[in-house]
Structures are given as structure tokens and as C-alpha cells.
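One structure is given below, encoded as C-alpha cells.
Residue numbers (our numbering), protein chains in the order written: chain A, 1 to 274; chain B, 1001 to 1274; chain C, 2001 to 2306; chain D, 3001 to 3306.
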């Protein structure tokens, strides 16, 4: 396993020369790979944007990218800096009003994966992007829901990408902007069924330290540990005692091609990966 | 006054040679003239279509024509046979989905005049276009509402054009498809206010015999009698004892230009005027 | 993107339309898929619930052929001509064997919109003080949660199959329409299965050159049928005009059950598809329906952003 | 059709935006009328309620300039960069003097749609099991009249003034947009007064050649302002790119109240309008924002029908 430092290093899966990579690059690569086999992905602002665009160039070339700005089937020629960018329009399959995008595409049930970022998350994948502290007098005012609240409810499954820290992976989030598995799988499934949600909730959280899926209790379970990360580091950046998979495995390191795509094509300025 | 026969005749308003015209032509001309000064007109299927298109060529050249098919600012190069016709699209200002047309243009309050036809009408301008007889086992199944029900409620005022007959101008309509002044002005105004209707109800009914406006009680009042029509004929084609204006006047006869437009441009096959 | 969905009309209807289905052939005066309606007749589907804002001549023919048990609609007529005689025979007087479920135009559009948006209802300001909510108890009052009164609601309409006709689509079903848009987008998104019939199959690059023109993305489309003249006697903006003679001719035919049956034999059962129908209409009649000239849209520039 | 509505930005804002108004400058990342925002600052409007899905840099500048008393929004940030620092100063910790009314994106869109459609509410399947209805009691549950459960409702939003930027309009205000459409149509129809700012004033015949491209008809428009580069630093599809440097530069400026004031003096108060602003930006900077090449839409034919 690579030395524990920001920018761990390791050989590409299989053979080949070792390549240095940052924790952010590992996170983005791991998130992109999770999208293999997905058909329609709703792309959130920030890290999801680069992860999804990497997946489109690697494991999921036929995946349709949906942007809440009103784009279906985007083919961005460059990494869009924000989720609204002229490059997601030119060459897209369809551009529509936001009313139609949210009503007919998202709420209508056409989205397989909603890919979100988060400021705070709890063990059940409930997400806060609204405030840190009290709502009326917050310590930090965050952006708010944007489309995240309705994506969490209406996309078939939710992927999350975010850096791990004790401030962000918390026992209790300060505000529930986007519902995850609520207080656990049983309650969440009952409520989804009763209220007719199309979403089945969160299925993966990719961090700069590892990959978490959700187990049958509805809690995050660490299935992969990134090269360079340790379980101590995992525990030090979590507000709860984590479920660790008995078959915990190391995350395969980024391939040279994945790194080249990130560094040369998607993020030459290092906005996401510094 | 011209002799009482179908195709009464009379001199054009002012001077000029007398021209023969049919009762239908008089009705269409009278209806078109009522549109002078109107800004936005929602055009119904059938007789309203030709009356509005005549008005656009005469008294209301700046009037915007709205077709429920989804067209705003139509400039039909020929008389559209139906309310959906490629000629209402080519050269129009805007073409939109029917959702947007009904929600944002009509229900949103942009329509000054809704111009309807009817199968049955009562003294208060309530309209039936659904069935003659019992709803479940009708004697005659009529087309139904189409957009008429929502036009009657949401357009600022309603114009009606229809031929007069004892079967159509009835004491009691068999089915209320589109509300007029309900049981009278007082009740109608209270209900419109309470329910927040944008429409103020019917303001004119033009028939092949005369022009009816609505008085302060909410009832139709005969203000103009067409050349060739008599009050006996009016009474014989009504299911109630009519309000007649004390200043009842003869309807000015069609001008040669109005007749030319109908015969040469709008309805050369005589679909509406035979 | 993925595999081609191009199919013959026979295969598309054969695979996607089933006895008992709720079928919406939508298109408001414009782009009515008579070709699909005729194929459904030809394959002798039964017990269909036919939804359509304006069940015009195509549904009159389908009802005459015995495919339908019920209509869901908002305006029932032969536009510009008169009534629909085959439908009247089973909805008037002694024989009211065809079930009717009736709305206004906005009610129908709102039903499709609610279906497309997966909403349990859609509110609208229609139906006040009319007999329609009495005739159709699915039109229900709903109180505003803001204390400002009551409006009406209609329930979602989610057809098993929606059929739309369009100027063009690519093989994946990405579909573009100009001219009247009707409620096709809503009806397609609301449906479980979608058949798109087009005048012209185009390359994906044509679609992607003007993404604002796309009304239905391929992801909701199950089959793309290429069927020029497939909307006749209705029209296709920029391609061909409404064949008004056909609508007028249908009136006397449809008044006579025997003549109606004969027409169905001559123009549907005895033909094997749309090409034969167009050939039977004849080149001269079709030529007369071409626009009198072009009316080009002009070009807009989306710009290249690398 | 009728008279020209063409006006200067000064006159349009002077006549149509009043102290205390609810003002929506809409455009989702695309077509944001910074020019109108700056003119509102310049004319020192006060106590505005600023509605916008994404109050980005333009509303940060307006809040810094003291025009606003309240925000109605769904996502509060400098997209791709970080927070909005002027807004944070009056919404965090001890100073929460700027009132906030908060929805999700679909909630905001649905509010405009309800406003445009004159509905008392719009139902949607958002907000289940979240704290948003607690934070904002205007988000209310509503029961389906069909006995199939409860969804949420949002109330209509009817701005006193909506400002949109577009590629082109005619003098009557008939407005066409391509690329991202955001919620501009809904926000314009919902408003009492509408200002359309365009890159290019075109003849009515250009609009009428492609009526499907029209998003807002002149009938709802009160003023047409011709203001090239009026959306900078946001972008106009096919005309100019997003000026990412501007968004990044705003971050350190906006962290420092004195630097923010200086910026407002240099770029707003001391300039007499958009032409001066574009000149100050400089031809070189603007040139760098041009698309790397054309991407033409192609032409469709509407056909002439006489």
C-alpha cells in the first residue's frame, strides 16, 4: 500500500509504472468508476461535475448527462466550470425549461443516479447543504438545496462525493436539506413506499479516504479504503463508530489514462484536484 | 328596412349602391365590428373563426389572434378551416405548447375577449356545447367543452356568435358547459369575486337576427336588429320573453368591402355563409 | 446513443400495443398519426381505452372498426365539418355502449402534465359553476393550502402507449417538432411506452445541432417508425397541408355503417401499410397538399465552446 | 405590432422599478442581466425584495449596495467559486438583517409557474422528510383529492418586475432565446412588469420566421433595452462565454467591505451605463470571451400556406 501522505502513490491496476496522484484525484476516479453501467445521471454542482465527466470519458461512455439547468444528453467539450455553461448546451440532445426538466425528467422518474455533494452527512446518508448552526442565526450560511432536495427524493439512487472530516461526517446534521435513509433502512423504506417516492435513497458515498456503500440497516459501510488512507484516519474523520466491511479492500489506484484525463482535459487548472 | 327574406338587402352605411347579403354574412359582419378596440382575442372553432379573421382585416388590424392550438399573434394568410391549421403558425409571433397557452396566456389573464360559438344558450349567456337531452343517454351528443369552459371563466369578456332558433335560445339549457351570468348578474358577480375569476362574463351575443348585449340584471338585451329581421322573428326564436332596448336600432348593413373580404378572401367556398 | 429503435409500424404496434391498453394518439389538428391508428385497426386490437383531446376522424374510424371500449377526451368532432358519426352511433339514444370520460381541453392537457410529472393531481381554474364535475366525478374541488379559496383538480393520465407523429427523429428516438406542439410532450412523458412516427429519419448530428427544438428525448421512446405521409389527412408543418376534402368526404361515409365498413376494407384492411395507402391516394392528390412555398426559420448560432 | 417599447436602461429602470418592489432578475447561469442590476444600484433603489433561484454575484453586489431587504431563492452561492460574501455578512452570526425566504430549485420554478398560471399553489414531490417546510412555513402539505396521499405545495410568486436578458427581441418585445431557458418564461408571465434586455434588436420578420423560438410575447413586455454585453460576466449562448475570471476575482473583493465599495464606485456608480462598462473591460478581454467557432442550428421549413 502506498505511503500515507496527501498524494499517495501506487501502481496502476494490473501492471505499468507507478504514478503519483492526490487524494482528490483518487476520490474523483473512484467516484467515476462507481458510475459504470448507469444510464442517466443528474449532475450536481462541484465535485460531482468532474467525476461524472470523467465517467463519461471512461467507464460510462453511453451515459446520458442531465444538468438541472435544463440539459439532457450533454456532451461538454470541456469541463463545465459551473453546472450552467454554454458547453453543456452545444451538441446536447435536448435543452428544455427548468420546469420541464424538474417536472418531467426528474419527478417523472427518468433519472437513474443523482450525483450530489454535501457539507454535512450523517451515517444514514442524510445531507445538509443549508446552514451550520442554528437556521435563524447560522454560524455558516451554506448555499441551500438548489435541486438537491428533489434529486434525493426522485432520482432512483443517490451517489455522494465529498471530502471526509469530523466537521462534515457528523453524528447529527444541523439541517436536513436532502433526505437519505432517515433514521435507518426500515423507516426509510416504509416512508418511501407510503409516500410514493421514486428514489430508493443513497447507494454510495465516495470520499478522499474510501468508498462507502449502504448496508441493510441503511447505514454507510466502508467497502474500500483508498491507497494511503488508514482506518485510524477514517475513524478520526467521522462522528460515529463506522461499519467496516469484513471484506474491506484497497481501492484500485487511478490508471495513467484516468489521471491524464483529469489533468490534461478536465481540470488543467487544478480547481478540483489541488 | 330591407324586405324580410334570407339574404336581406340594404344600402351600405352612408351612401353607395345597395348590395345583397345573406343573414349569415350580416351576422359575421356584425360580430367582427364588435371587436373594434379589442387587443387580444381567443378564437373559437367555427363561426368565431371567420368573424375574428374579418375583424383583423377591418376594424381591429392590431388585434392579436390567439388560437388554443398554441398560437399567439397569428397572421393567417387564408381563412383557417379549423382552429388548427398550418396557416396560423407560419408568420405567427409565438407558437407554444397547449399547456403554456392555457396556463400562462389564458388562465394567466392575457386574453381580453374569448369568442365562442354555442349549441344552446340561455338568457344569462350560460352555454351548452355538450349534449342535447340527458347526459348519460343524450338525444344528441355535441362536441363538448373543448377550451370553452376555461375561456368562459378566464377571458376578460366573452363574445358569442350563433344562429338564433327556438332550439338553441332556450329557457333552460340541458347542460352547462361554460358559465355565463349564472342565474343573474348579482349572483354571478359575487361568485366571480369570491372565486377569483378573471372573467367578467358574456358581453355580447351576435345572431343572424340581431345584436344582444347584457344589461345590469345580467340578461341579454336586444340592442340592434339586423336588416330584414323582425321582433316577431326574434320572439319566435327565443325560449323566453326578451329584454328589448328602448333605443333599439337597425344594424348598419355590411359594406361592399366587408362582403368582398368574406366572399373573395375568407370564405370563397361559402362554408360559413351558405 | 445506444441501439437503433427503428421499426416497421407493423412491428411497433405488434410489440407495444396490447388489448385493453389505454392508448393516446396525440397531436392537436397537426401531426395526427393516422398511420398508427390504421395499423391498430389492421391488427384488430380490442377493448382499448382511447385517450385524445380531440377524437377526430381517426378515432371515429377506430371506433367504427371496434377497437375501443371507452374514450377519454375534451372535444368530440370532425373539425370544420361536423360530428363524428360512428362515435355518435354508440353514444346517443338507445346505444350508449361506448363509455365516455370527458374533460375540457385544459383539463386533458393538465391530466397529461400531471402524468408526465408524476403528480397525484393538477390544479386548474376551470369547471367553476359548470355541470362537468357532475358529469365526471374525477373532476374534484381542492382547497388552496393558503386559505385563498378552492380550485378544481384533475387526476394524472398515464397512457400505456402514446403515439406521436413528428417531422424528424434520430434512430434513438430523439424527436423534433415545429409548428403546433399540442400536448405531445406531456402525453409522451406520461406514457409507459412511446411510439414516434416520423416523416424523416435524421442523423443524431441534426438533432444535436438544435437541441432547443427537441420535444421528446430518445430515453422515453420505444420505437421509431419512418412513415412519410403518415399523418394524412392531417398535416405536417412545412411538409404537407391538411387534406380538407378527406374530412368532408368522411362525413357521408361515416353516416352509413355499410359505407364505413367498405372504407375500412378499402383503405385499411386490404392495404399492407402506409406506403400502399399513399400510393392509393395517388401522386396528384398528394402533390396538391404541398405548401405553396418555403418559409425558412433562419439559423441561430449556439457557438462552439472548447 | 403596436408602438415600440425600446428604451434606455436608465429610463426602463427609472419608470418600472420602484422602492419596495419584488424584483426578479432571472436567468440560470445563462443570460443574467448584470446591466439591469447595476442600473438598479446606480438609481439607489431601496427595500427591494430580490427573487432569484440563484442569487449569485449580481445579487451579492446589489445587497452590498444596500438595495435589498429580503431574498427569495433556492441556491445561494458564487457558482464554481464559493460563497457570496456580501450576503454572508448580513445572514450569518450576529447580523442576520437580510431576510431570507428559501425553497429548492423546483420549488422556485413551481412558484413562478403558479404565478404565471394564476394558480393559488403548485403541488410538487419535494420536501418530504426535510427541514425545509420547518424553515419556511409557506411550504405546505396538501392532500390529493384522489385519496392517494400527500404532497407539498408552494405559493405563487408574482414579482412586481421581472428582468430577463435574451439574444434578441423585436421592438414590441417579442423575445427569442436559445440555449438554457431557465425559468425566464414563467418569471416573465408571472410579473406585473417586464423588462427585456437584448443583445440585438431585430425586425419583427426575424421573430415571425421562427415562432417556436419565442419564449415571451411582447404583450407581457413593458420595455425592450438593447444592451450588448449586458449579461457579462454571465454568458449568452452563441455570443460570448462566461467570464470565469470575474467570478473568481469577486471572491477576494467581496470579502472586504471597503474593496467592495470601491468596486461598486469604479464599475457602477462612476459609469453611466453598460457601454462605458464594456469599454472599461476592454476589447481584449471581451474578445477572449467569443466562442471558439460557430455552431449553426440548421434551418427548418414552416412552409407557406395560402
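We put the beta carbon where it would ideally sit given N, CA and C, even for glycine.
Within 10 angstroms of its Cβ, does residue i collect 16 or more other Cβ (buried), or is it exposed?
{"i": "residue 1025 of chain B", "result": "buried"}
{"i": "residue 1241 of chain B", "result": "exposed"}
{"i": "residue 3205 of chain D", "result": "exposed"}
{"i": "residue 1230 of chain B", "result": "exposed"}
{"i": "residue 3061 of chain D", "result": "buried"}
{"i": "residue 2280 of chain C", "result": "exposed"}
{"i": "residue 3134 of chain D", "result": "exposed"}
{"i": "residue 3003 of chain D", "result": "exposed"}
{"i": "residue 141 of chain A", "result": "buried"}
{"i": "residue 54 of chain A", "result": "buried"}
{"i": "residue 1190 of chain B", "result": "exposed"}
{"i": "residue 2210 of chain C", "result": "buried"}
Going by C-alpha to C-alpha distance, which of the options sits closest to residue i?
{"i": "residue 150 of chain A", "options": "D/3112, D/3116, D/3180 and D/3106", "result": "D/3106"}
{"i": "residue 117 of chain A", "options": "A/111, A/126 and A/244", "result": "A/126"}
{"i": "residue 2123 of chain C", "options": "D/3132, D/3130, D/3145 and D/3129", "result": "D/3145"}
{"i": "residue 1077 of chain B", "options": "C/2299, C/2302 and C/2295", "result": "C/2295"}
{"i": "residue 3221 of chain D", "options": "D/3212, D/3230 and D/3198", "result": "D/3198"}
{"i": "residue 2095 of chain C", "options": "B/1137, B/1064 and B/1089", "result": "B/1137"}
{"i": "residue 3307 of chain D", "options": "D/3066, D/3259, D/3041 and D/3075", "result": "Here chain D has residues from 3001 to 3306 only, and residue 3307 of chain D is not among them."}
{"i": "residue 89 of chain A", "options": "A/65, A/108, A/112 and A/105", "result": "A/65"}
{"i": "residue 243 of chain A", "options": "A/31, A/217 and A/145", "result": "A/217"}
{"i": "residue 174 of chain A", "options": "A/99, A/144, A/223 and A/33", "result": "A/144"}
{"i": "residue 1120 of chain B", "options": "B/1196, B/1225, B/1205 and B/1112", "result": "B/1205"}
{"i": "residue 3178 of chain D", "options": "A/224, A/97, A/47 and A/38", "result": "A/97"}
{"i": "residue 2116 of chain C", "options": "C/2126, C/2077, C/2130 and C/2161", "result": "C/2161"}
{"i": "residue 2189 of chain C", "options": "C/2213, C/2156, C/2233 and C/2171", "result": "C/2156"}
{"i": "residue 226 of chain A", "options": "A/164, A/79 and A/263", "result": "A/164"}
Identify the residues that DSSP records as bridge partners of residue i: which are they?
{"i": "residue 2095 of chain C", "result": "C/2092"}
{"i": "residue 120 of chain A", "result": "A/128"}
{"i": "residue 2122 of chain C", "result": "C/2154"}
{"i": "residue 2072 of chain C", "result": "C/2051 and C/2101"}
{"i": "residue 3085 of chain D", "result": "Partner(s): none; residue 3085 of chain D has no beta bridge."}
{"i": "residue 1153 of chain B", "result": "Per DSSP, none; premise fails for residue 1153 of chain B."}
For residue i and chain D, any beta-carbon pair shorter than 8 Å?
{"i": "residue 136 of chain A", "result": "yes"}
{"i": "residue 1 of chain A", "result": "Low confidence applies here, because residue 1 of chain A scores a pLDDT of 34, under 50, leaving its location unreliable and the question unanswered by this model."}
{"i": "residue 1108 of chain B", "result": "yes"}
{"i": "residue 2292 of chain C", "result": "yes"}
{"i": "residue 2237 of chain C", "result": "yes"}
Can a CB atom of chain A be found closer than 8 Å to the CB of residue i?
{"i": "residue 3296 of chain D", "result": "no"}
{"i": "residue 2303 of chain C", "result": "yes"}
{"i": "residue 3232 of chain D", "result": "no"}
Does any residue of chain C have a CB that is nearer than 8 Å to the CB of residue i?
{"i": "residue 3020 of chain D", "result": "no"}
{"i": "residue 103 of chain A", "result": "yes"}
{"i": "residue 1175 of chain B", "result": "yes"}
{"i": "residue 1155 of chain B", "result": "no"}
Tell me, please, whether the CB atom of residue i is closer than 8 Å to any CB atom in chain B?
{"i": "residue 3195 of chain D", "result": "no"}
{"i": "residue 2157 of chain C", "result": "no"}
Which chain G residues are close to residue i, counting only those with a beta carbon under 9 Å from its beta carbon?
{"i": "residue 2189 of chain C", "result": "Among the chains of the structure shown, chain G does not appear; the protein chains present are A, B, C and D."}
- Task: Taking only beta carbons into account, state which residues of the stretch 1073–1098 of chain B come closer than 7 Å to chain D, listed in chain order.
- Result: 1073, 1077, 1078, 1086, 1087, 1089, 1090, 1091, 1092, 1093, 1094 and 1095
- Task: Report the residues of the stretch 2116–2146 of chain C with a CB closer than 7 Å to any CB of chain A, ordered along the chain.
- Result: 2116, 2117 and 2118
- Give, in chain order, every residue of the stretch 3067–3092 of chain D whose Cβ lies closer than 8 Å to some Cβ of chain A. 3073, 3074, 3075, 3076, 3077, 3079, 3080, 3083, 3087, 3088, 3091 and 3092
- If contact means a Cβ-Cβ distance below 7 Å, which residues of the stretch 1034–1055 of chain B contact chain D? 1040
- Message: Short of 9 Å Cβ to Cβ, which residues in the stretch 1192–1212 of chain B face chain D?
- Response: 1196 and 1198
- Any residues in the stretch 1055–1066 of chain B with a beta carbon nearer than 7 Å to a beta carbon of chain D? Which ones, in chain order? 1062 and 1064
- Message: Output needed in chain order: residues of the stretch 3164–3179 of chain D with a Cβ under 7 Å from some Cβ in chain C.
- Response: 3178 and 3179
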